Amino acid sequence: MSAPQPLVVVTGWGARALPPLGVLLAFVVVAGIVYAIALRRGRLSLATILTVSAIEMAAAWCAPALFSSDVYAYAAYGEMSRVGLDPYALAPAPSADPFVRAAQLQWVTAFPICVYGPAFVAFARATVALLGRYGIAAVLGAFRLAACGAFLCGIALLYGVVAGDRTRRGAAAATLGLNPAAIWCAAEGHNDALALAIVLAGLLLVRRGAPAWGALLVALSATVKLPGIAVAGILAAFDRRARAGALAGIAIALLVCAPLAFAAMTRLGPHGSYAPQASLQAILAPLGPIAAWGVAVIAAAALTARAVTLLRLREPEGWIWLGLAVWVLIPNPYPWYSLWLVALSALAPGSRAGLVGLALSFTSLLRYLPDAAGVPPPPLAAALGAAAVFPLLALLGRRSCYNGRLP
Numbered sequence: 543m544s545a546p547q548p549l550v551v552v553t554g555w556g557a558r559a560l561p562p563l564g565v566l567l568a569f570v571v572v573a574g575i576v577y578a579i580a581l582r583r584g585r586l587s588l589a590t591i592l593t594v595s596a597i598e599m600a601a602a603w604c605a606p607a608l609f610s611s612d613v614y615a616y617a618a619y620g621e622m623s624r625v626g627l628d629p630y631a632l633a634p635a636p637s638a639d640p641f642v643r644a645a646q647l648q649w650v651t652a653f654p655i656c657v658y659g660p661a662f663v664a665f666a667r668a669t670v671a672l673l674g675r676y677g678i679a680a681v682l683g684a685f686r687l688a689a690c691g692a693f694l695c696g697i698a699l700l701y702g703v704v705a706g707d708r709t710r711r712g713a714a715a716a717t718l719g720l721n722p723a724a725i726w727c728a729a730e731g732h733n734d735a736l737a738l739a740i741v742l743a744g745l746l747l748v749r750r751g752a753p754a755w756g757a758l759l760v761a762l763s764a765t766v767k768l769p770g771i772a773v774a775g776i777l778a779a780f781d782r783r784a785r786a787g788a789l790a791g792i793a794i795a796l797l798v799c800a801p802l803a804f805a806a807m808t809r810l811g812p813h814g815s816y817a818p819q820a821s822l823q824a825i826l827a828p829l830g831p832i833a834a835w836g837v838a839v840i841a842a843a844a845l846t847a848r849a850v851t852l853l854r855l856r857e858p859e860g861w862i863w864l865g866l867a868v869w870v871l872i873p874n875p876y877p878w879y880s881l882w883l884v885a886l887s888a889l890a891p892g893s894r895a896g897l898v899g900l901a902l903s904f905t906s907l908l909r910y911l912p913d914a915a916g917v918p919p920p921p922l923a924a925a926l927g928a929a930a931v932f933p934l935l936a937l938l939g940r941r942s943c944y945n946g947r948l949p
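Here it is, written out as structure tokens:
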């Protein structure tokens, strides 16, 4: 932490990070109880869900500190693009540019290279160009406001995407819109909210009779953040009407994301290190990366097989199993990644996989601990990983039902 920074982020604080992180977790647990009650009672209107979600995000904005420095990186990427530097390369250190310097202070030495698509870089550049004269705080606030707005749009779009009556659609919208972990991540400003809103807009087009255009839009969401390509690939595999649009969109996205792919292969990958935290792989990390990855791949394969079976039967729960398969493959499942998992869980929130996905959105907050307080020793890291993936044990049973609400 640096005193001049306009937005306080709890990172590398050591033991001093435990009280603020404990407060966050306590609030999320209390809000989670209210969340479970609201889902169980059901019958919430879309207007009510949007209003409550907006109020909770406003309350999250009142928190004196965040636990992620991502918005600082967004501002730096936008500034680098604006002044002619490559955001897909390491910025010069030290830098006199205030936006780049602010990001460097958050990461102490050098902040990571950009891992987002060119559409998001263009958005970041425009944000800095328009608001940079008002200072860093204004730019950071704009990213956070954009994420919150996108999250609210995503709630409304999900309401339209889900098939069924108003009760079922309301349950889906409430599952996403009232989830405390998702609300917190949107308030932190993570661009997953923007990419998710684009994906949901595309899925709504698919549902409303424009499958090719909808699948194209889903794939193009990868120009913000990459998960949209996976969703488009699934559409191509299971919906013949959307196949042409999905494949075209994937091709375009891969073409325009070439700088990102080049950076990943030549700059990010060779210099990265395998350090899983708060994940399935973190439990087995002491045995080496091969063992950890091997178990994760086996688990993902089993989950994918179940997903394919359900998707062939047109069961919405299959999408959640597929999301869980991806989840176990992520070495560091940060809390904001759970926005995608919560959105999938909203398709069948009362199913076994849906409940597991929602539980993981809460336990994913444990991933804040290594960054906020410091990397724990191997035994504690393994215990943290076990706690973070504990909900997955519920998948070992045979019970599976869906009634659109929590059982």
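In terms of my numbering, the sequence shown is residues 543 to 949. Idealized CB from N, CA, C, for every residue including glycine. Predicted model, so just to flag it, every value in this text is computed and none were measured.
Could you round the C-beta distance between residue i and residue j to whole angstroms and report it? I think they count as a contact, below 8 Å.
i	j	result
A615	P654	7 Å
P629	C656	4 Å
V870	L900	The Cβ separation is near 16 Å, so there is no contact.
A559	V565	Not really, about 11 Å apart at Cβ, beyond 8 Å.
A605	A716	That belief does not hold up - the Cβ atoms of A605 and A716 are roughly 23 Å apart, past 8 Å.
Less than 6 Å between C-beta atoms, sequence neighbours within five positions excluded: which residues of the same chain meet that for residue i?
i	result
R848	W863
G775	none
G712	L586
S610	E730
Y876	R909
Is the distance from the Cβ of residue i to the Cβ of residue j below 9 Å?
i	j	result
G719	L758	no
A714	P891	yes
G728	F685	Sequence inspection shows Ala at residue 728; the Gly mentioned does not correspond to that position. For A728 and F685, no; Cβs fall outside 9 Å.
A652	L632	yes
A772	A790	no
L592	I697	yes
A723	F904	yes
A971	A664	As shown, the chain starts at 543 and ends at 949. That puts residue 971 outside it, with no answer to give.
A495	A841	Because the chain spans 543 through 949 in this model, residue 495 falls outside it and cannot be assessed.
E598	A573	yes
P831	G927	no
Taking the alpha-carbon positions, what's the residue i to residue j distance?
i	j	result
L700	P912	33 Å
H732	G706	30 Å
C690	A735	8 Å
P548	A557	23 Å
L937	A578	20 Å
S763	W755	13 Å
L826	R783	42 Å
G836	V550	39 Å
G702	R856	18 Å
Y511	V613	An answer regarding residue 511 cannot be provided, because it is not within the stretch 543 to 949 covered by the chain.
W882	P828	29 Å
Y944	L742	Note that Y944 scores 43 on pLDDT, short of 50, meaning its location in the model is unreliable and no value can be drawn from it.
Who are the near neighbours of residue i in its chain, counting only those whose CB is closer than 7 Å to its CB and skipping five residues on each side?
i	result
V766	Y658, G659, A661, F662, N733, L736, A737, I740
L852	E859, G860, W863
I872	S821, Y879
I678	P548, A617, P640, F641, A644
A596	L694
W603	A729
Once the 5 residues before and after residue i are set aside, which same chain residues still bring their CB inside 8 Å of it?
i	result
G939	R894
*Would you call the region 608-628 and the region 667-681 touching, i.e. three or more CB-CB distances under 8 Å?*
yes
*Are at least three pairs of beta-carbons, each pair with one atom in the region 743-755 and one in the region 637-648, less than 8 Å apart?*
no
*Using 8 Å as the threshold, is the region 915-931 in touch with the region 786-806, meaning 3 or more CB pairs across them?*
no
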